[in-house]
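J.: Input: one structure, supplied below.
There are 2 protein chains.
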Amino acid sequence: MVIVGAGFGGLSAARALANAPVDVLVIDRRNHHLFQPLLYQIATAGLSPADIAAPIRGVLSSQKNASVILGEVTGIDLATREVLGHNAVRDGRVGFDYLILATGARHAYFGHDDWEAYAPGLKTVEDATAIRHRLLVAFEQAEMIDDETERRRLLTIVIIGGGPTGVEMAGAVAELARASLATDFRRIDPRQARIILIEASPRVLATFPESLSTAAAQSLQKLGVEVRLGQAVTQCDAQGVEVGGERIDAATVVWAAGVQASAAASWLGAEADRAGRVKVNADFSLPGQPDVFVIGDTATLTDAAGKVVPGVAPAAKQAGVHVAKVIRARLNGSPAPAPFRYLNWGNLATIGRRAAVADFGWLRLHGTIAWWFWGFVHIFFLIDFRNRLAVMLNWAWSFVTFKRGARLITGNPDRQG
Amino acid sequence: MVIVGAGFGGLSAARALANAPVDVLVIDRRNHHLFQPLLYQIATAGLSPADIAAPIRGVLSSQKNASVILGEVTGIDLATREVLGHNAVRDGRVGFDYLILATGARHAYFGHDDWEAYAPGLKTVEDATAIRHRLLVAFEQAEMIDDETERRRLLTIVIIGGGPTGVEMAGAVAELARASLATDFRRIDPRQARIILIEASPRVLATFPESLSTAAAQSLQKLGVEVRLGQAVTQCDAQGVEVGGERIDAATVVWAAGVQASAAASWLGAEADRAGRVKVNADFSLPGQPDVFVIGDTATLTDAAGKVVPGVAPAAKQAGVHVAKVIRARLNGSPAPAPFRYLNWGNLATIGRRAAVADFGWLRLHGTIAWWFWGFVHIFFLIDFRNRLAVMLNWAWSFVTFKRGARLITGNPDRQG
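Respectively, the protein sequence lines represent chains P and V. Using full-length UniProt numbering, the letters of the first sequence map in sequence onto residues 1 to 417. Using full-length UniProt numbering, the letters of the second sequence map in sequence onto residues 1 to 417.
Okay, here's the thing in structure tokens:
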């Protein structure tokens with residue numbers, strides 16, 4: 001069987017099939033699994049790429065029935081039951097009996113694809129290091145320049161989208177400017193940097209209870225972030241953005257406003273929702289194709305409890321495990337598992353060094369206690385023991401010293417890792 | 001005063017001028033100081049770039065008389081006493097009273113500059129991550145391919161140059177293939193990779209005593225490296241290399257064979273040796289220009305003991321401290337310090353996980369004890385406390401597990417960090 005994509009969904013499916021009587025072939029265009037929820041820490045120079053990424057081969061090294069190929073999938077032939085691809089995929093075709101597509105999502109610009117050049121999103125290691133590059137270079141240029149208007153532009157950072165990524169990014173940028181860089185320059189004061197978070201809806205963290213949205217916005221404001229709610233961005237260009245009829249000149253603009261599923265729906269000729277997510281059956285199989293499954297951010301499903309499964313890492317992992325169970329049951333001839341039900345352990349978002357919001361349904365936390373909880377959860381779920389240690393060390397160090405270890409300006413801003 | 005270059009020489013000069021009655025302006029085209037002796041560990045996925053690089057601003061943050069600008073210097077105007085540059089250098093000109101040039105060296109291809117594309121060297125973070133990319137991708141492609149000849153080419157790694165960089169690189173590549181990657185593939189056995197170290201002279205580590213050269217070559221052979229001595233490379237191309245009339249097809253070729261000083265000599269119109277190093281006075285000043293100093297890999301000097309100062313990090317640091325003393329003495333009107341004398345604490349090179357050679361003049365070590373010594377020395381001299389901890393952690397982890405944490409294939413091989 002073939003699994004395309006080694007994100008949270010694909011990798012958890014592969015691992016859950018260890019010792020099952022199948023050969024599992026994992027295809028990914030990257031050689032590493034990435035802990036995407038912490039990407040914003042790479043973008044803000046708190047962590048190095050290797051701290052939150054693990055080579056897929058390494059993760060599956062001891063799983064005898066699993067093999068990995070680095071390859072770009074370009075389509076699926078349902079008639080011949082083959083995955084089509086190029087580069088590393090041998091002969092351009094790989095046959096499958098069972099297929100799991102877990103190819104994730106990219107950012108969506110709602111019809112303004114030209115904005116991507118000015119307002120990059122945050123999905124890959126390269127995205128994150130490109131944003132880190134822009135951010136750090138803007139401070140360097142501000143230190144050098146004499147023109148006051150341009151200096152203000154260089155010291156203005158706009159984050160578009162008030163979901164967890166946008167909120168966490170805004171908090172981390174604020175701390176980078178207010179603490180880590182504070183005393184490193186001589187002509188500018190990085191604490192004067194203007195950091196603006198723009199959200200089109202009336203509140204940040206729309207999936208959280210309203211009280212926590214308010215708490216998060218207040219925490220951001222305490223860090224000096226301007227939070228602009230109910231205002232949509234109408235223009236992005238090389239100089240900055242336009243929002244609510246107002247022009248904001250900004251050298252660094254980050255897009256955290258929307259996602260679009262990968263191309264799996266078009267590969268399959270399958271029905272999809274507006275965000276491109278494939279509509280799947282209750283067991284994540286494709287309608288009419290019981291051996292083809294779509295999971296994670298690439299699929300949309302209303303679970304057995306009547307709730308829409310959210311596009312978050314825990315949901316993708318649970319889906320991977322569920323599909324593995326479905327396949328195991330079929331291979332063993334045993335009855336299919338109970339219909340999928342997403343188990344929500346809680347929602348978490350952090351705002352800088354000491355604040356976070358946590359929603360467990362029965363319990364809502366904000367402030368320092370939520371932050372500590374957030375730290376433990378994120379370290380616990382980092383996939384590889386070594387990464388956990390490295391991240392803990394980095395965090396402990398920057399917690400004590402306010403410094404950030406990964407403040408490197410390297411390579412070309414548009415192409416790096 | 002102005003210091004161009006924040007390598008070992010420039011940074012040690014800047015720090016040695018703390019509290020001196022001068023404003024010290026440090027100009028570098030990179031925002032980070034790089035611990036170059038460990039670059040090969042980035043190239044072989046043992047460490048992350050941020051582990052061996054420290055932001056220059058951070059290093060000098062608390063030194064009140066120092067400021068830093070990110071800029072590319074393009075020349076020196078000795079008549080107007082200005083440093084010329086572009087980008088971040090304001091108005092393209094910065095005046096100086098004292099000037100220290102510490103701009104380092106690049107690899108030299110001995111008139112075959114076209115070889116650089118096929119046999120990249122190892123001087124910057126981008127160099128190292130580009131080599132890491134080639135190396136890891138070659139194993140991935142070998143896993144995929146059916147053609148046996150091409151697979152052998154993909155699994156052949158050639159390192160040209162048997163100095164410390166070449167020897168350390170060959171040892172690290174051997175361990176990557178024989179240990180870290182050993183069980184990660186299904187169709188190839190990375191332990192079968194062919195690793196060849198080519199040195200034109202009759203022995204590796206030519207600056208060490210002959211007994212240690214022999215010990216180093218034996219340690220490499222024990223790790224499975226083919227050591228070819230007394231053979232010069234006569235051709236590098238996309239398929240591999242030609243050496244001693246023999247063709248060796250290799251997907252990864254690394255150049256560690258020679259260095260060429262930076263352009264400082266031509267900026268100054270100064271006399272230089274064949275490697276482009278400026279011939280300086282006994283106090284590192286430029287003949288006829290007592291306020292202009294050239295140090296580190298950019299200068300050549302025979303010291304007060306009659307020995308040629310070598311192009312190594314400790315010598316550059318000592319030169320930086322010496323020039324700072326010369327300038328302090330002039331500012332204070334006190335007598336000039338005693339002529340420079342390079343204090344050689346010893347030469348070290350490591351071969352893989354457990355072997356090294358160390359030459360202290362009065363004592364020569366090889367094997368495990370030299371390796372431990374090497375580890376302590378390198379960690380001790382890493383410029384920033386946090387980096388020391390991170391490197392120790394990474395090493396401890398890979399020592400115990402044989403794994404390598406930074407095995408990421410990211411971005412474009414030619415442009416990344």
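For every residue, glycine included, the Cβ atom is placed at its ideal position computed from N, Cα and C.
1) Starting from residue 85/P and walking both ways along the beta strand (DSSP E), at which residues does that stretch end?
2) State the CB to CB distance for the pair residue 407/V and residue 58/P, rounded to an integer number of angstroms; the pair is presumed to be in contact (CB under 8 Å).
3) Taking CB distances under 9 Å as the criterion, tell me whether residue 31/V reaches chain P.
4) Where in the stretch 320-371 of chain P do unbroken runs of the beta strand (DSSP E), each at least 3 residues long, occur, reported from the N-terminal end onward?
5) Is DSSP giving residue 56/P helix, strand or coil here?
6) Can you give me the Cβ contacts of residue 10/P inside the same chain, cut-off strictly under 6 Å, excluding the 5 residues immediately before and after it?
7) Could you check if residue 271/V is buried or exposed, using at least 16 other CB atoms within 10 Å of its CB as the buried criterion?
8) Tell me the rounded alpha-carbon separation between residue 302/P and residue 341/P.
9) Spell out whether any CB of chain P is found under 9 Å from the CB atom of residue 211/V.
10) For residue 180/V, which of helix, strand or coil comes out of DSSP?
11) Are the C-beta of residue 422/P and some C-beta of chain V separated by less than 9 Å?
12) Tell me whether residue 131/V sits in a helix, a strand or coil according to DSSP, three-state version.
13) Give the residues of chain V in contact with residue 83/P, contact being defined as C-beta atoms less than 8 Å apart.
14) May I ask which residues mark the beginning and end of the beta strand (DSSP E) holding residue 3/V?
15) Cutting at 6 Å between CB atoms, please list the residues of its own chain near residue 17/P, excluding the five before and the five after it.
16) Under the three-state reduction of DSSP, which class applies to residue 202/P: helix, strand or coil?
17) Which residues share a DSSP beta bridge with residue 34/V?
18) What is the DSSP secondary structure of residue 378/V, counted as helix, strand or coil?
19) Roughly how far, in whole angstroms, is the beta-carbon of residue 105/P from the beta-carbon of residue 298/P, given that I think they are within contact range, below 8 Å?
20) Tell me the rounded alpha-carbon separation between residue 73/P and residue 28/P.
21) Between the Cα of residue 357/P and the Cα atoms of 273/P, 218/P, 158/P, 226/P, which residue gives the shortest distance?
22) Spell out the partners DSSP gives residue 158/V in its beta bridges.
23) Alpha carbons only, please: which of 241/P, 350/P, 284/P is nearest the one belonging to residue 338/P?
24) Using only the alpha-carbon positions, how far apart do residue 39/V and residue 381/V sit?
25) Please state the DSSP three-state secondary structure of residue 175/P.
26) Should residue 31/P be labelled buried (16 or more other beta-carbon atoms within 10 Å of its own) or exposed?
27) What are the residues that DSSP puts in a beta bridge with residue 293/V?
28) Can residue 343/V and residue 359/V be called in contact, C-beta distance under 9 Å?
29) Against chain P, with Cβ distances strictly below 9 Å, would residue 125/V count as a contact?
30) Start and end of the beta strand (DSSP E) containing residue 260/P?
31) Can you give the Cα-Cα distance for residue 330/V and residue 166/V, rounded to whole angstroms?
32) My output table needs one value for residue 150/P: the three-state DSSP class, helix, strand or coil.
33) So residue 202/P packs on residue 230/P, CB below 8 Å; how close in whole Å?
34) Quick one: what's residue 279/V bridged to in DSSP?
35) In the DSSP assignment, what are the bridge partners of residue 93/V?
36) Quick check on residue 334/V - is its C-beta less than 9 Å from some C-beta in chain P?
T.: If we stick to the structure as given:
1) Translated into positions along the first sequence, residue 85/P becomes position 85. Per DSSP, residue 85/P belongs to the beta strand (DSSP E) from 82-86.
2) Mapped onto the second sequence, residue 407/V falls at position 407. Mapped onto the first sequence, residue 58/P falls at position 58. Indeed, because the Cβ distance is near 7 Å, the residues count as touching under 8 Å.
3) Along the second sequence, read from residue 1 onward, the residue named residue 31/V stands at position 31. Yes, residue 31/V counts as interfacial toward chain P.
4) 347-351, 355-359, 364-367
5) Translated into the one-based positions of the first sequence, residue 56/P becomes position 56. Reduced to three states, the DSSP call for residue 56/P is helix.
6) Taking the first residue of the first sequence as position 1, residue 10/P is located at position 10. 3, 102, listed in sequence order.
7) Numbered from its first residue, the second sequence carries residue 271/V at position 271. Label assigned to residue 271/V: exposed.
8) Here residue 302/P refers to the residue found at position 302 when the first sequence is read from its first residue. Here residue 341/P refers to the residue found at position 341 when the first sequence is read from its first residue. Answer to the nearest angstrom: the Cα atoms are 9 Å apart.
9) Sequence index remark: in the second sequence, residue 211/V carries index 211 (1-based). With 9 Å as the cut-off, residue 211/V does not count as an interface residue toward chain P.
10) Position 180 of the second sequence, counted from the first residue, corresponds to residue 180/V. Helix, per DSSP.
11) For chain P, the structure presents residues 1 to 417; residue 422/P sits outside this window and is missing.
12) The residue given as residue 131/V occupies position 131 in the second sequence. Correct three-state label for residue 131/V: helix.
13) What you label residue 83/P is simply residue 83 of the first sequence in a count that begins at 1. By Cβ distance, chain V contributes nothing, its closest Cβ being about 14 Å from residue 83/P, past 8 Å.
14) As a working note, residue 3/V is residue 3 in the second sequence. It spans 2-4 - the beta strand (DSSP E) in which residue 3/V sits, taken as one unbroken run.
15) In the first sequence, residue 17/P corresponds to position 17, counting from 1. The residues are 24, 324.
16) Within the first sequence, residue 202/P is the residue found at index 202, counting from 1. Residue 202/P: coil per DSSP, three-state reduction.
17) Numbered from its first residue, the second sequence carries residue 34/V at position 34. 53/V, per the DSSP bridge assignment.
18) On the second sequence, residue 378/V is found 378 positions in, with the first residue counted as 1. Looking at residue 378/V - three-state DSSP - the assignment turns out to be helix.
19) For the purposes of this step, residue 105/P is identified with residue 105 of the first sequence, where counting begins at 1. For the purposes of this step, residue 298/P is identified with residue 298 of the first sequence, where counting begins at 1. With a Cβ gap of about 7 Å, residue 105/P and residue 298/P count as contacting.
20) Here residue 73/P is taken as the residue at index 73 of the first sequence, counted from 1. Here residue 28/P is taken as the residue at index 28 of the first sequence, counted from 1. Using only the alpha carbons, I get a separation of about 8 Å.
21) Taking the first sequence and counting its residues from 1, one reaches residue 357/P at position 357. Of the listed residues, the one whose Cα sits closest to residue 357/P is 218/P.
22) Here residue 158/V corresponds to residue number 158 of the second sequence, with the count starting at 1. 196/V, 253/V, per the DSSP bridge assignment.
23) What you label residue 338/P is simply residue 338 of the first sequence in a count that begins at 1. Residue 284/P is the option with its Cα nearest to residue 338/P.
24) Counting from one through the second sequence, the residue named residue 39/V turns up at place 39. Counting from one through the second sequence, the residue named residue 381/V turns up at place 381. The alpha-carbon atoms of residue 39/V and residue 381/V are separated by roughly 14 Å.
25) As a position in the first sequence, residue 175/P is number 175, starting the count at 1. Residue 175/P falls in the helix class under three-state DSSP.
26) For the purposes of this step, residue 31/P is identified with residue 31 of the first sequence, where counting begins at 1. Residue 31/P is buried by the Cβ-count criterion.
27) For this step, residue 293/V is matched to residue 293 along the second sequence. Beta-bridge pairing links residue 293/V to 100/V, 285/V.
28) One-based indexing of the second sequence puts residue 343/V at position 343. One-based indexing of the second sequence puts residue 359/V at position 359. Not in contact: residue 343/V and residue 359/V (Cβ atoms no closer than 9 Å).
29) Sequence index remark: in the second sequence, residue 125/V carries index 125 (1-based). Chain P, which has a Cβ nearer than 9 Å to the Cβ of residue 125/V, makes this yes.
30) Position 260 of the first sequence, counted from the first residue, corresponds to residue 260/P. That run of the beta strand (DSSP E) goes 259-261.
31) Residue numbering aside, residue 330/V sits at position 330 when the second sequence is read from its first letter. Residue numbering aside, residue 166/V sits at position 166 when the second sequence is read from its first letter. C-alpha separation (whole angstroms): 42 Å.
32) Along the first sequence, read from residue 1 onward, the residue named residue 150/P stands at position 150. DSSP places residue 150/P in helix when its eight states are reduced to three.
33) By 1-based counting over the first sequence, the position of residue 202/P is 202. By 1-based counting over the first sequence, the position of residue 230/P is 230. Right, the Cβ-Cβ distance comes to about 5 Å (below 8 Å), so this counts as a contact.
34) In the second sequence, the residue the question calls residue 279/V occupies position 279. DSSP lists 300/V as partners of residue 279/V.
35) Along the second sequence, read from residue 1 onward, the residue named residue 93/V stands at position 93. Answer by DSSP bridge pairing, in chain order: 84/V.
36) By one-based count along the second sequence, residue 334/V stands at place 334. Taking Cβ atoms only, chain P never reaches closer than 9 Å to residue 334/V, which makes this a no.
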